[in-house]
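Trainee: Provided herewith is a single structure, encoded as structure tokens, for subsequent inquiry.
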């Protein structure tokens, strides 16, 4: 720690801190009344405040964004215990609201800062001043945020079916397994619904695969419009879709299935001046604790779907009813 007991010592400190003006960190020295004693070139450049203007003035009078109660609590142990303190941007994005001008960090309007507070002791070993060191970490923060965003996009891409925007089969099965385990613990009443497009091969053969893709997208959009945010909808493969409806008994799931079926029945996909009507069949199975695993649950819903197909298609069936 530095000694500060006289004007000469403060002058010596000014001289030492002049050497830091070329370094890209902010240096501010304040006393116990939060009056500014040192204000280096970094602080001048980013605040627009001349050192002579702010010296001997209370820091709070110039920076309304500083939470005074928080800052007093943060600095008190630095003064009394002569122990450094640190504030990282994750805790508080900045101490001083400075604009970020650096081209690499153009994505941010403000300068993210890490802050170090350390005591400056006098010859009597009393900490009458402390130094605030301001580090511009905007580049690092933006890079970290961009990386996190890219990772989130990759995670999303790994979960989502590209054609429909619904969950892909792998992630949907993982979600189904998690719901199965939850129901086993809580004896829940969730349901699985499997559905597929009737006579889909005829659509592809008659109108072409791009038309078939449009039919698939139309069904996916209808599913998204009808199911709840807590429901898990996925493309199970080809023209087949799957739903997990948490906390939903078979009869309630039947109502959801029928809403989707009736909605789709009224739709007609327009593709290259062709109007393509289509229908769907649906199979429903409510969770049963006797199932040996989540795949047994899906298999029972699949049996209900085959029953719907055998019953003439364009209908919904509950397994075991």
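Residue numbers (this note's numbering): 6 to 326.
We treat Cβ as the ideally placed atom computed from N, Cα and C, and that holds for glycine.
1) Among the candidates 162, 92, 263 and 171, whose CA atom is the shortest distance from the CA of residue 222?
2) Tell me which same chain residues have a C-beta within less than 6 angstroms of the C-beta of residue 121, skipping the five on either side of it?
3) I want to know whether the segment 56–67 touches the segment 144–163 - three or more CB-CB distances under 8 angstroms.
4) Would residue 103 pass as a contact of residue 64 if the rule is Cβ separation under 8 angstroms?
5) For residue 124, count the other beta carbons within 10 Å of its own beta carbon; 16 or more makes it buried, fewer makes it exposed. Which is it?
6) Quick one: grab the DSSP three-state call for residue 254.
7) Taking all protein chains shown into account, do 16 or more other C-beta atoms lie within 10 angstroms of the C-beta of residue 270, making it buried, or fewer, making it exposed?
8) Put residue 80 into one of helix, strand or coil per three-state DSSP.
9) For residue 266 versus residue 285, is the C-beta distance shorter than 8 angstroms?
10) In its own chain, which residues sit with a C-beta less than 8 angstroms from the C-beta of residue 256, not counting the 5 before and 5 after it?
11) Start and end of the alpha helix (DSSP H) containing residue 143?
12) To the nearest angstrom, report how far apart residue 114 and residue 105 are at their CA atoms.
13) Which first and last residues belong to the beta strand (DSSP E) in which residue 213 is found?
14) Please tell me whether residue 271 has its Cβ less than 8 angstroms away from any Cβ of chain C.
15) Grab me the residues of residue 296's own chain with a C-beta within less than 6 angstroms of its C-beta, minus the 5 sequence neighbours each way, in chain order.
16) For residue 34 versus residue 136, is the C-beta spacing smaller than 8 angstroms?
17) Would the beta-carbon of residue 169 fall within 8 angstroms of that of residue 247?
18) Can you give me the Cβ contacts of residue 274 inside the same chain, cut-off strictly under 6 angstroms, excluding the 5 residues immediately before and after it?
19) With the cut-off set at 8 angstroms, would you say residue 196 and residue 254 are in Cβ contact?
20) I'd like the span of the beta strand (DSSP E) that includes residue 302, first residue to last.
21) Only counting the same chain, and skipping five residues up and downstream in sequence, which positions put a Cβ closer than 7 angstroms to that of residue 117?
22) Rounded to the nearest angstrom, what separates residue 306 and residue 71 at their Cα positions?
23) Any idea which residues DSSP pairs residue 41 with across the strands?
24) Find out if the Cβ-Cβ distance for the pair residue 228, residue 258 is shorter than 8 angstroms.
25) Please report the Cβ distance between residue 176 and residue 239, rounded to the nearest whole angstrom; I am assuming they are in contact, meaning their Cβ atoms lie under 8 angstroms.
26) Residue 201 by DSSP, collapsed to three states: which one?
27) Quick check on residue 240: does DSSP put it in helix, strand or coil?
28) Could you tell me the alpha carbon to alpha carbon distance between residue 244 and residue 191, rounded to whole angstroms?
29) Looking at the strands, I want to know which residues DSSP matches up with residue 262.
30) By Cβ distance below 8 angstroms, which residues in the same chain neighbour residue 216 in space, the five residues on each side in sequence not counted?
31) Sort 158, 140 and 252 by Cα distance to residue 184 and report the nearest one.
32) Please report the straight-line C-alpha distance between residue 202 and residue 291, rounded to a whole angstrom.
33) Go through its chain and collect everything with a Cβ distance to residue 264's Cβ below 8 angstroms, but skip five positions before and after it.
Mentor: According to the structure data:
1) Residue numbering aside, residue 222 sits at position 217 when the chain shown is read from its first letter. Nearest of 162, 92, 263 and 171 to residue 222, Cα basis: 171.
2) Stepping through the chain shown from its first residue, residue 121 is reached at position 116. 91 and 138.
3) no
4) Numbered from 1 along the chain shown, position 98 holds the residue referred to as residue 103. Numbered from 1 along the chain shown, position 59 holds the residue referred to as residue 64. Cβ distance not < 8 angstroms, so residue 103 and residue 64 don't count as in contact.
5) Position 119 of the chain shown, counted from the start, is the residue given in the question as residue 124. Residue 124 comes out buried.
6) For the purposes of this step, residue 254 is taken as the residue at position 249 of the chain shown. Coil, per DSSP.
7) In the chain shown, counting from the first residue as 1, residue 270 sits at position 265. That one is exposed.
8) Residue numbering aside, residue 80 sits at position 75 when the chain shown is read from its first letter. If DSSP states are grouped into helix, strand and coil, residue 80 belongs with the helices.
9) Taking the first residue of the chain shown as position 1, residue 266 is located at position 261. Taking the first residue of the chain shown as position 1, residue 285 is located at position 280. Yes, they are a contact pair.
10) Taking the chain shown and counting its residues from 1, the one referred to as residue 256 is at position 251. Within the same chain, residue 256 has close Cβ partners 323.
11) By 1-based counting over the chain shown, the position of residue 143 is 138. Element bounds for residue 143: 143–164.
12) Here residue 114 is taken as the residue at index 109 of the chain shown, counted from 1. Here residue 105 is taken as the residue at index 100 of the chain shown, counted from 1. Their Cα atoms are separated by approximately 6 angstroms.
13) Residue 213 sits at position 208 when you count from the first residue of the chain shown. Residue 213 -> no beta strand (DSSP E), and no H or E assigned at all.
14) Among the chains of the structure shown, chain C does not appear; only one protein chain is present.
15) Taking the first residue of the chain shown as 1, we reach residue 296 at position 291. Once the five neighbours on either side are set aside, the close Cβ partners of residue 296 are 302.
16) By 1-based counting over the chain shown, the position of residue 34 is 29. By 1-based counting over the chain shown, the position of residue 136 is 131. For residue 34 and residue 136, yes; Cβs fall inside 8 angstroms.
17) Within the chain shown, numbered from 1, the residue matching residue 169 stands at position 164. Within the chain shown, numbered from 1, the residue matching residue 247 stands at position 242. Taking 8 angstroms as the Cβ cut-off, residue 169 and residue 247 do not qualify as a contacting pair.
18) As a working note, residue 274 is residue 269 in the chain shown. 219, 220, 223 and 281.
19) Taking the chain shown and counting its residues from 1, the one referred to as residue 196 is at position 191. Taking the chain shown and counting its residues from 1, the one referred to as residue 254 is at position 249. Yes. Within cutoff.
20) One-based indexing of the chain shown puts residue 302 at position 297. Note, residue 302: premise wrong, no beta strand (DSSP E); alpha helix (DSSP H) at 299–315.
21) For the purposes of this step, residue 117 is identified with residue 112 of the chain shown, where counting begins at 1. 94, 98, 99, 142, 143 and 146.
22) Here residue 306 refers to the residue found at position 301 when the chain shown is read from its first residue. Here residue 71 refers to the residue found at position 66 when the chain shown is read from its first residue. Cα-Cα distance, rounded: 60 angstroms.
23) Here residue 41 is taken as the residue at index 36 of the chain shown, counted from 1. Note: residue 41 sits in a beta bridge opposite 35.
24) The residue you call residue 228 lines up with position 223 of the chain shown. The residue you call residue 258 lines up with position 253 of the chain shown. It is not a contact, given that the beta carbons lie outside the stated cut-off.
25) Locating residue 176 in the chain shown gives position 171, counting from the first residue. Locating residue 239 in the chain shown gives position 234, counting from the first residue. Confirmed, Cβ separation roughly 7 angstroms.
26) Locating residue 201 in the chain shown gives position 196, where the first residue counts as 1. Three-state result, residue 201: strand.
27) Along the chain shown, one-based indexing puts residue 240 at 235. Strand at residue 240.
28) The residue given as residue 244 occupies position 239 in the chain shown. The residue given as residue 191 occupies position 186 in the chain shown. Approximately 33 angstroms, taken between the alpha carbons.
29) Mapped onto the chain shown, residue 262 falls at position 257. For residue 262, which the question treats as bridged, DSSP gives no partner whatsoever.
30) Translated into the one-based positions of the chain shown, residue 216 becomes position 211. Excluding sequence neighbours, residue 216 sits near 208, 209, 274, 276, 277, 279 and 281.
31) Residue numbering aside, residue 184 sits at position 179 when the chain shown is read from its first letter. Minimum Cα distance to residue 184 is reached at 252.
32) Position 197 of the chain shown, counted from the start, is the residue given in the question as residue 202. Position 286 of the chain shown, counted from the start, is the residue given in the question as residue 291. About 22 angstroms.
33) Numbered from its first residue, the chain shown carries residue 264 at position 259. Only 231 meet the Cβ criterion.
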